[in-house]
Structure formats: C-alpha cells, structure tokens
Amino acid sequence: MVEVIVGGGVVGLSVAWRLARAGRPVTVVDPDPAGGASHAAAGMLAPVSEVTYTEEPLLRLGLASLRRWPAFAAELAADAGLPEGAHGVDLRAEGTLDVAFGADDLAALDELAAFMDKLGLPVERLTGRECRRLEPMLAPSVRGGLLAAGDAWVDPRRVTAALLTALERRHVPLVRARVTGLLREDDPEGPAAGLLREGGPAGRVTGVRLEGGAELAATTVVLAAGAWSAALAGVPVRPVKGQILRLRSPQPLLTRCVRGSVHGSPVYLVPRGDGELVVGATQEELGFDTRVTAGGLYELLRDARELVPGVTELELADVVAGLRPGTPDNVPIVGPAGDGLVLATGHHRGGVLLAPLTAALVAGEAGGEEGGLAALCSPARFGEIA
Ligand SMILES: Cc1cc2nc3c(=O)[nH]c(=O)nc-3n(C[C@H](O)[C@H](O)[C@H](O)COP(=O)(O)OP(=O)(O)OC[C@H]3O[C@@H](n4cnc5c(N)ncnc54)[C@H](O)[C@@H]3O)c2cc1C
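All you need for the numbering used here is the position in the sequence shown, starting with 1, plus 738.
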C-alpha cells in the first residue's frame, strides 16, 4: 500500500518527492496540481526581513528551512534533469532591502533593526544614498533602509514544475481528481466530519474517497490541500486572498528583493533572472474569492511606483489571486494527527520558504536541533487530535 498525498502544491509535491527519494511508495492526488497558492507566490525566502515582533517560532522555522534550500534546490534540479542546476529554479540569495520614506518609517526601521540585533539576526542599517548605490532604480525619496543580506528567493512556478518532473521520473503516480473525504476505519459509510471530534478520538484513516466515489487505500494520508484543508479535516485553516502581478522588463530593474511600506500598506518587488519583476501582494480576508480586482491592482502598482518609479514603463505579463492557507497563529500545522493521518498545511505567507523543512519533518529526515522544531508546528497545539 502507498502513502497518499492530498494536494499537489509546493508543500504536497515537496513531501511526495522527499518520500519517493527515500524509496517509499507514494501517490499524489490533485485535480489541478501546482495551481493553488503556489502558482501565485512570489517565492521570497525571507525569514529575516519578514520577522515580526510576535512571530519568533515562525522565524526559527523559516531560518531552518532557508538553510535547507540550497541543497534542496540542487538535488531537485538533478532529479528533474535541469541542466542549469539550482539556477534552474532561479534560486538567488542577494538579500532583501527594506526601504523607508518618511520619519515614521525610518523610526520603525530603527526599532526593527534593534529587535533583529537582539535576536542575533544579521542586518545592516543603510542611508538613502547607500540604498540607491545598491539599487540605482530606487526613488530619490527613499531615505533609508535595512539590508537582510541572508534572505533569498526562488521562482515557485519553476520549483513546482521541477517537482512534477522529478516525481514523474521516479514513476510516482499523479491522480488528477478531487478528494471528497477521508476514509476511516470506524466510519465505513463515509468520511469523518472532522478531526477535532468531541467525545473521543476519530478512527484510523485508511485512505481517501475521490470525486465520483472511487476509493484509494493508504497506509498514511498526508493532508497538504492548502487553503482547502479544512473541508477534509477539522483543521483551523482559512483562505487569505493575495493579489499579485508580474511585469516584464527587457533588463532586470533590481538585483535584490525590495520591500517597503507606502501610506501604511506593505508592498514588495521580486526580480527574476529573466527580467520578470513580481509585485505583491494584497492580504484580504474574503473567503474563497479569487477575483482579481481593479482596486487591488491599482494599489499594488501605485505603491510599487513609489518605490521604483520605472515600473510603470514595464509590460504587464500576468495578474493572479491566490489563497494562502492561514492559521490562527500564522504557524503551519505539520505532523501526525492520529492514526494514519499526517498534516502538512497552514503555511500561510511562507509555504515556499517552509517547503524543504516541512518535507524533511514529514519524511523523518530532520534530526537534532531541527527535529526539535517539530513541536512548534505540531497539530497538538490546537487541542487533542487523534
Ligand atoms: C500572492 C501570494 C504571494 C505569496 N508569496 C510567498 C512568498 O514570497 N514566499 C513564500 O514562502 N510563500 C508565499 N506565499 C504563500 C505560499 O504561496 C503558500 O504558503 C504555499 O503555496 C502553500 O502551499 P500548499 O502546497 O500548502 O498550498 P497550495 O499551493 O494552495 O496547494 C494546495 C493544492 O491542494 C489541491 N487541493 C485542494 N483541495 C483538494 C482536494 N479536495 N483534493 C485534492 N487536492 C486538493 C489544490 O488543487 C492545490 O493544488 C504567497 C501566497 C500568495 C497568495
């Protein structure tokens, strides 16, 4: 029997690939692989520049996963037969520059720099002139910045394409169907309504039911259905909409990720090796709404132009809205949740960053200090799950 991975986004595919590499029989089930949030994501691997005052557990997970990225990308490229090695997934590590305009922004950057210093994170405070020396296309009104030189980024669309190729080369079956429920030992009539059941543990998970009624038996089911996970098990995961756009430039406008806050709203720009410039992203609590709106795009372009005026000259290549799988504490939910079920969901703003660590935790490849991080994202923190 096989391990069934429900969901073929960056998380599910990474888990499937690491399990397959370890010689374990796996099957991936997804009606539209690589089409969820992973298709929208900018691909920043930026645990340092994204740190917030209340999210230290997430920082520890992010730093551990970032350390895994170079080897993960190199092994993936080799497995997928990409001749350019890790460059094939556009892994770049020139850092993130967080810029400020007004006195308030500068004060906030100073505070953030002090906080990062306390955490031992390597950041450098720069003047406006130093920022423009690094990135000449920045607006003259930029008055200062914070450089997180260790941050990196990757092209998530190339990553998921490489994962699909690597899985195909390892003959891992991909079932293009929607899972409608989990099969449980004590529930032969249908899938259990939820994991977080009252009145005792749920029965052992024995497989999945597919749209149309077919069943797929499994030794273990790994639930990696992103924002849709709560429909299959009672996990506290909700969709957080993000609109994002891609511009095309004859030559790269920036050499590193640039982010800033314009009129109180955050915006970032991520340059790709092929001249593409990603501008993101909105954060909206609108359920499963994936409409791209004029207002969302207007705000992104307006704010991006404040940072880098030259963006308005670029060709518009792509606009999309994705659904981040949010959790109450912004930390993913990864680990066993009762007999026969493993959760790998709730990666919210950081699923691309956290994919290598998540895959290692699920595949049992994380030991020592890293293994200790498992407790931070354990499903058990949301109550008894069995
Ligand atoms: C605009 C935007 C920008 C982002 N930028 C970044 C970033 O810079 N860095 C970063 O690390 N993260 C970023 N993220 C977050 C990141 O995209 C997510 O955390 C990550 O993609 C989650 O991956 P996933 O595989 O869990 O979910 P998804 O990629 O959403 O994949 C879930 C998969 O499950 C499948 N599925 C759903 N229901 C079922 C079912 N019933 N049966 C079978 N399959 C099912 C779907 O078809 C889908 O393919 C961003 C997200 C957005 C929206």
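Quick reminder that beta carbons are idealized off the backbone N, C-alpha and C, glycines included.
Fair warning: this is a prediction, and the values are worked out from it, not measured in the lab.
{"Asked": "Residue ranges of each beta strand (DSSP E) within the segment 1032–1072, 3 or longer", "Found": "1053–1064"}
{"Asked": "Residue 966 CB to nearest heavy atom of ligand 1 below 6 Å", "Found": "yes"}
{"Asked": "CA-to-CA distance, residue 1012 to residue 964, given in whole angstroms", "Found": "29 Å"}
{"Asked": "Bridge partners - residue 953, DSSP secondary structure assignment", "Found": "947"}
{"Asked": "Minimum C-alpha distance to residue 913 - residue among 975, 840, 970, 744", "Found": "744"}
{"Asked": "Opening and closing residue of the beta strand (DSSP E) in which residue 886 lies", "Found": "882–886"}
{"Asked": "Inter-residue spacing [alpha-carbon to alpha-carbon] between residue 806 and residue 789", "Found": "19 Å"}
{"Asked": "Residue 999 - DSSP class collapsed to helix/strand/coil", "Found": "strand"}
{"Asked": "Assigned secondary structure, residue 868 (DSSP; H/G/I helix, E/B strand, else coil)", "Found": "helix"}
{"Asked": "Own chain, CB closer than 8 Å to residue 1043, minus 5 neighbours either side, in chain order", "Found": "1049, 1050"}
{"Asked": "Under 7 Å between C-beta atoms of residue 1069 and residue 795", "Found": "yes"}
{"Asked": "Exposure label - residue 854; buried when at least 16 CB within 10 Å", "Found": "buried"}
{"Asked": "Residue 1003 burial status per 10 Å Cβ neighbour count (16 or more: buried)", "Found": "exposed"}
{"Asked": "Residue 779 CB to nearest heavy atom of ligand 1 below 6 Å", "Found": "yes"}
{"Asked": "Proximal residues to residue 986 (C-beta, below 7 Å), its chain only, five neighbours per side dropped", "Found": "1013, 1014, 1052, 1053, 1055"}
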